[in-house]
Each structure stands twice: as C-alpha cells, then as structure tokens.
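Below: the structure, in structure tokens.
There are 6 protein chains.
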Amino acid sequence: MFSITVRDHMMVAHSFQGEVFGPAQRLHGATFVVDATFRRNELDEDNIVVDIGLATNELRAVVAELNYRNLDDEKEFDGVNTSTEYLAKFIADRLVDRIHAGALGEGALGIAQVAVTLHESHIAWASFERTV
Amino acid sequence: MFSITVRDHMMVAHSFQGEVFGPAQRLHGATFVVDATFRRNELDEDNIVVDIGLATNELRAVVAELNYRNLDDEKEFDGVNTSTEYLAKFIADRLVDRIHAGALGEGALGIAQVAVTLHESHIAWASFERTV
Amino acid sequence: MFSITVRDHMMVAHSFQGEVFGPAQRLHGATFVVDATFRRNELDEDNIVVDIGLATNELRAVVAELNYRNLDDEKEFDGVNTSTEYLAKFIADRLVDRIHAGALGEGALGIAQVAVTLHESHIAWASFERTV
Amino acid sequence: MFSITVRDHMMVAHSFQGEVFGPAQRLHGATFVVDATFRRNELDEDNIVVDIGLATNELRAVVAELNYRNLDDEKEFDGVNTSTEYLAKFIADRLVDRIHAGALGEGALGIAQVAVTLHESHIAWASFERTV
Amino acid sequence: MFSITVRDHMMVAHSFQGEVFGPAQRLHGATFVVDATFRRNELDEDNIVVDIGLATNELRAVVAELNYRNLDDEKEFDGVNTSTEYLAKFIADRLVDRIHAGALGEGALGIAQVAVTLHESHIAWASFERTV
Amino acid sequence: MFSITVRDHMMVAHSFQGEVFGPAQRLHGATFVVDATFRRNELDEDNIVVDIGLATNELRAVVAELNYRNLDDEKEFDGVNTSTEYLAKFIADRLVDRIHAGALGEGALGIAQVAVTLHESHIAWASFERTV
C-alpha cells in the first residue's frame, strides 16, 4: 500500500455543548494542523499516488471553507459539536467528493482510502479514515 | 474509523539482559514520550471518540505508576526486559483495563482499539496496538 | 548563560481590527503552544536555573487566565489587537511578576531574562523577551 | 501488533518526467528523512521486535546506496520517476531482502510487515508498506 | 524585543568544492525548510512586528528564485560553495532588501533584525542573522 | 552572525539531591536530545562555519562519554546534581576543549561561541552558551 500526505492548517472559533466538555463549553478557538493522506495499492502511470501540487491545492480549498471562521455561526454545523474528530471526517468527506469530481486528476480515481488527521495542540490530535 | 490521541511522558531508569543490547545492558535511562490512541467506528452521542480530558487523566495515571522509577527495582518487571515495545504493551493493557472499568466514561465503552507509541528519542520509537 | 524552557498551550478565540489582517478580522481562533524560557548567568545552589515543576505550574497558571476564552470579551484586552507577539509579551510580563512575587522560589530571584514564544501554527510563531 | 521505527536521512538530486510535475521537471533535490517501521505479532525471546542497533545499521546501509547522489545518473532508475512514494517502496524492498538474508538477526525472521515513510518537507511525506 | 517567524521550504540540487565535503562533492540535493525571523523593539500601530501574510508572501518570493533548481547552474553562485549557512545569508539579505523597498509594508521599516534558519535535515541546520 | 547546529542524543540514569526535585530524587532516567550550535562572524575559506561531518563526530564522541550510563556512579559527577542545564554546560565545555585541540579542523579555530541545548522531553529543555 502506497500513500502520500500533505499538510495545511486552519484557525477557527467554536464552542461545545455538553457537560463533558467543561471549560470548552465557552467560545474558544483552535489552530488545526491538517494532514490529508491518500492511499492506493498501485502507483499511477506517472509513478505517484496523486500529484502533490493538486493534493495541496484541493486540501487548501477545503480548509478555506472553514478557515478564519466561528463555526458556531455556520449553518452547516447548526446543533453539531464540531469536535476535532468530527472535523477530520468533514474534511475527509469533502476530499473524497473532490476525488470523485476529478479535481485531483484522472489518475487519482485510483485512490482507495483517504485519512485526515487534525492536530489541535502538541499533545492532542484526532483522525478519520474511510474508503473512497 | 475515528481516533483521538493524547500525549504524556515519563522518565525511567532500566537495564537490559542479553548480548544483543550491547552498552544498553548497563543501567541507563530514557524519556518516553507516550502517545495513546483510541479508535472506534462511530462517534458517541457527544460527537467524540472519548473525552480528551478523561483520556489525558487516565494516561497520566497509568504513566505515573512508572514515572521517575528504576524499572529494574519494580517487582512487576522482575526478569523482564522492559524494552520500548514491551512498555508500549504494558501501557496499552492498563488503558484497556481502565476503559473496561468505566474510568474513561460510559461512552468510552464503544472504543474498539487502543494503540500506544513510545518515542525513546528523535530517531527511534515503538508501538503496540490491540482490540478492546 | 543558562536557560530552561517549559511548554504549555491555550486555545482562544479572538478577532483583529485593521485592514492588514484580511480574513483574520473575522472572529476566529488559535491554539497557541507556549514556550517560556528563563535565563540566568549562574545556576542556583541546587544547580538549576529554576525548578522545572514550579516553572511549569506558574506557566500553567498564567495560561489558564486566557485558556478557553474569547479574548474579544475580556476587559483587559478592550480595544487591543491580541496579536501573537502581543500575547507573548502579556505572558512574559505575568511570569516576571510571579518571579518577583517569589512564586518560582527564592532561587528564581536570580533569573535575569524571560522569553516567551507562542506557536500559532506549524509555519508561524512569535516571541517576546525582556529582562527581569 | 508490535512495531519499532528507526529514522535516518538522505540528500539526493533528481528530476521528473511528465507535465504533472511542473517545475519539478527541472533537476532539483531533496532531503528525505526516512522512517523504517518493522511490525510483528509477538516479540522475540529478547522481548523486542528487532534490535534497534541492527535495524539502524541496516537502514543506514540501504540509504547509503542513494545518499549524496543524482538519481538521474543511476542505472537502476533509468527511465523511472523516482517519486517519494517510489523511493519508499525501493527502501522497503531492500530492507525486506536484508531481513530474509538474516542481516537483522535470526529473531527478525519473525517480522511480518515493513513500512517506510519518506518525509520530503515539513508539509509532505509518502509511505509504502508491505508484508515480509 | 519582539519577533515573528514564518516558515517555507525549497528543494534544490547542488555540489560542493573542497575535500572537507567528502561525498557531498558529488551532485546531490536538499530540502531546506526555511524559517525567517523579523525582530524589533516595539510593535507597530497595528500591534504587530510585521503582517504575517506579507512576510509569508515575501519569503515565498525569495525562496521561489532558488526552488526546484540546480544551484551549480545558476550564474549567481558561480564558484561559490552554496553551503546551508551561505544560503541562510543569501535569503536574509534578500529579505532585508525587500524590507527597504517597502514590500513588507510601511510599518516594517521599523524592523531591526532579520534572522534566517535553514533546516537541511532532522539533525542539522544553519542560521544567519543581521541588522536591517 | 552565522551558526550551524548538529543533533545527537544520549540515554542516562541519574537522581537528584534536594527537596525541590520531589520524585526526581529517586533514581530515574532521561533521553537527552542534544543540539550543539557553533557560531562565528565570518565563514571560513570553504564557506562554512565548521564541517558538519566533523561537528557531528565530535559531538558524538562527547556524548558517548555519558551515554548508557548511570551518572550517579561517575566519579566526575560525585556530589553534583546532574541537572539538564548542568549537563548542557558540561557538553559545551567539552566541545570548546575539542575546538581548541583542533579536533574540528583548523578553520574551526574561528568559532566564536558554542551553545548546547538538551531536550529532556517534548515539554522541557535547557541550554548553555559560552564564548570560545
């Protein structure tokens, strides 16, 4: 199995609902350093998993939808706890949509799995992985 | 598959038995930076894998049993080579016990796997992963 | 010159005033990984710059005043752009106050300089350093 | 499942064939920080996955074949795009050969999988994993 | 003293002249992760050292002159050993030129020092710092 | 001012004397990731601060004197608290001795300062710097 990973980041505000979250129920924020991994069994005809330039651009485009925002104000997340693990899935799902739409190139249609890791600090991170 | 990881560390002395270990047969020490990963297929009702606060506390409690100790003097490790990979399993097993005991919350009973990575330096680390 | 550094982090929301900030004028957030450095010319009688445990506790106490907050709602920062470099100075000044108050121990009165670095992402950070 | 990982690096020149590579079609270079992971289900009789010293030596030997070279001039890579993911496989395959040849010790014959990650920068890396 | 640092990277080929360089006399390559630091005594009227967006753009522009190139073929470096420390100075000097030309904004004219660090691997890096 | 830094590590056991150290009064251990920095105002005739290969070798030789040892058993440290900051000075002083002895090459006699940082974990490190 081959994979490539590209990294970007976003800076968002949000708050959580539920006693388990303690002080994180208050409006606060986070930098999420975002790692997007693309996996496949065989390389494409250019000998790559996917073009790193295209992967970087598409990750940036997905992250840009969330960057510099208060997620509590986004209709998409109404009534949703935008936990780190939830946001990892949100970004992974968007990347899979873009693969299917051809935005990562024709060769990228051979990608089998996508995994996204969001680092919320030097001591905590979350991931989500799925098939394409 | 979702996961969250939390990080802590411990500083221990120990020595190894066996020619393969060369100078590490002498009493020496290590800082182990410990990453504990919890994985599950679906998020709980709070939209998380497990509360990061609880996960951090329980990891700290497990690590505290070993921290600032000479492992050669601990009965638990009598006659055991406390290699990095062995200690990763030791910590993972303790975390699974705590999940079963409910220490990570009721929602955490849905955790499917635990993985523990111990970084012994900037150029070497070891992991153990198991089902819950 | 000797120094020791300890690390903690905080997760805050805020927004900036001024066209130069572009999309960061919107309410957003950041994880700041905070490194506090203490410097002196000679070690104290315990052969240390300052006790790492005390330094860690005091840094945590200073960071706790800001953690999980929307800085736009804090009176202390009314009309202030809470830039990364400004927050580095804010934390450094608080640490110096605590040194003078004896919170880092008597030996710590010999500390000559404090420097604070706030990492806002994997590609940007800011620092402030001052004499004690 | 247990694993250990050791890290080394290499500094090579190369160029790519194919419009998808843009400016990387020019002769350029890269530092690849190389992580080699060895996995197995049970530890050997010394309570380890493989001796870290031997693993480090063998990784260094494999990396030395490529280090400080222009890969475009190496017959082995004639007509091949030496992408990061391709080089990860190249190194993994060589390590598996060495395991089979006994170079990592008799106990290492129990290694089940090898994975190699090449970090080409702070924002991009690639991996290959295979069974032994 | 305040500072901000922004990070970018470049991937170049080059070779060195001189026996001291051993195998690095052969054509090889490197990824340089480039950290550019800007320092000043007082913040500007926006409460910053320099706009991070502008600093990032200007660093990228300077790095782009070298990126994906074989430095041995660049007239600018004819007969020059393009060591990591030399390249750190090259980039720092270019950034100072851009500060003087106003490319980092009017407020940036108050910057007192520039420092550039080039990481050539996980175990070696070089820096150059100068006044503006 | 130019500098280069090279990294190595060591794994030692030790204990501390003094109530301030709390549980670290027990015999425990640490991995110290060691960064040695060499600074000078002008590059030598090879356009470098010092040969990275020689610097790496000499750092390794100094570190080897301490590696895989219980510092409490070393006569050199009898009655001494081998704190992280103290060990940083110990290594820096040894490196300066080696510069003076010519072990880093004739060009290295132009080195003006040496700084050593010892990372004891992901959240604490200490440094010492001195003139040559």
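Residue numbers (our numbering), protein chains in the order written: chain A, 1 to 132; chain B, 133 to 264; chain C, 265 to 396; chain D, 397 to 528; chain E, 529 to 660; chain F, 661 to 792. All C-beta atoms, glycine included, are put in the ideal place defined by N, C-alpha and C.
_Taking 7 Å as the threshold (beta carbon to beta carbon), is D/A426 in contact with chain A?_
Contact with chain A is absent for D/A426, since none of that chain's Cβ atoms lies less than 7 Å from the residue's Cβ.
*Return yes when the Cβ of B/L250 is within less than 7 Å of the Cβ of B/L219, no when it is not.*
yes
*What are the residues of the region 563-583 of chain E that lie near chain C, defined by any Cβ-Cβ distance shorter than 7 Å?*
L571, D574, N575, I576, V577, D579, I580, G581
*C-beta neighbour in chain E for D/R422, strict 7 Å*: Answer yes: the Cβ-Cβ gap between D/R422 and chain E drops below 7 Å somewhere.
*Three-way DSSP call (helix, strand, coil) for E/G581 in this model*: helix
_Per the DSSP calculation, C/I268 is bridged to which residue(s)?_
C/F302, F/A786
*Within the 7 Å Cβ cut-off, does A/M1 reach chain D?*
Any Cβ of chain D closer than 7 Å to the Cβ of A/M1 would place that residue at the interface, and such an atom is present.
_Interfacial residues, the region 342-360 of chain C to chain E, with Cβ spacing under 9 Å_ = Listed by position along the chain: V344, N345, T346, S347, T348, E349, Y350, A352, K353.
*Residues in the region 239-261 of chain B with C-beta within 9 Å of chain A's C-beta atoms, listed in sequence order?*
G239
*Taking all protein chains shown into account, do 16 or more other C-beta atoms lie within 10 angstroms of the C-beta of D/A497, making it buried, or fewer, making it exposed?*
exposed
*So, is the C-beta of B/V152 closer than 7 Å to a C-beta in chain F?*
For B/V152, the answer is no, since every Cβ of chain F falls outside 7 Å of its Cβ.
_Short of 8 Å in beta carbon distance, which residues of its chain neighbour C/R303, apart from the five on each side in sequence? Order them along the chain._
Same-chain partners within the cutoff: M265, F266, S267, V313, I375, A376, Q377, V378, A379.
*Top-ranked residue by Cα proximity to A/V12, from A/G18, A/D46, A/V63*: Measuring from the Cα of A/V12, the nearest candidate turns out to be A/V63.
_Is there a C-beta anywhere in chain H that falls below 7 Å from the one on F/T665?_
Among the chains of the structure shown, chain H does not appear; the protein chains present are A, B, C, D, E and F.
*How many Å lie between A/M10 and E/V561 at the Cα?*
20 Å
*Does DSSP classify C/L291 as helix, strand or coil?*
coil
*DSSP-derived helix/strand/coil call for F/E705*: Coil, per DSSP.
*asked:* In this structure, how does DSSP classify C/T395 when only helix, strand and coil are distinguished?
replied: strand
_If you follow the beta strand (DSSP E) that E/A629 is in, where does it begin and where does it stop?_
No beta strand (DSSP E) contains E/A629, which DSSP labels as neither H nor E.
*Using the Cα positions of E/I651 and D/D404, report the straight-line distance between them to the nearest angstrom.*
9 Å
*Show which residues of chain E have a CB atom less than 7 Å away from the CB atom of D/V429.*
S649, H650
*For the candidate residues E/A583, E/G550, E/D563, E/V660, whose alpha-carbon lies nearest to that of E/A631?*
E/A583
*Measure the beta-carbon distance from B/A201 to F/R686 and round it to whole angstroms, keeping in mind my assumption that it falls under 8 Å.*
The sequence shown places Arg at residue 201 of chain B, not Ala. Contact holds; Cβ gap of about 6 Å.
*Specify, as a first and last residue, the run of the beta strand (DSSP E) that A/Q17 falls within.*
Neither: A/Q17 is in no beta strand (DSSP E) and is coded neither H nor E.
_Nearest neighbour of A/E85, chosen from B/G211, B/F209, B/E252, B/D178 [CA to CA]_ = B/D178
*Throw me the rounded Cβ distance for the B/A162 and B/E261 pair, which I believe falls under 8 Å.*
B/A162 to B/E261, Cβ: 21 Å. No contact.
_Can you tell me which residues form a DSSP beta bridge with D/N466?_
D/A409
*asked:* Taking the alpha-carbon of E/L594 as reference, which of E/N585, E/D579, E/F618 has the nearest alpha-carbon?
replied: With respect to the C-alpha of E/L594, the residue from E/N585, E/D579, E/F618 having the closest C-alpha is E/F618.
_Let me check understanding here. Comparing Cα to Cα, which of B/D210, B/T214, B/T137 lies closest to B/F153?_
B/T214
*asked:* Taking the alpha-carbon of D/S523 as reference, which of D/P419, D/D431, D/L505, D/H410 has the nearest alpha-carbon?
replied: D/D431
*Could you tell me which chain E residues have their CB closer than 9 Å to the CB of D/H453, listed as they occur along the chain?*
Here residue 453 of chain D turns out to be Asn, not His, going by the sequence shown. Close to D/N453, with beta-carbon spacing below 9 Å, lies no residue of chain E; the smallest spacing is near 17 Å.
*Where the beta strand (DSSP E) containing D/E472 begins and where it ends*: Note, D/E472: premise wrong, no beta strand (DSSP E); not H, not E.
*Return the CA-CA distance between B/L241 and C/H292, expressed in angstroms with no decimal places.*
Looking at the two C-alpha atoms, the distance is approximately 34 Å.
*May I ask you to list the residues that DSSP assigns as paired with A/T82?*
According to DSSP, which records beta bridges pairwise, A/T82 is partnered with nothing at all.
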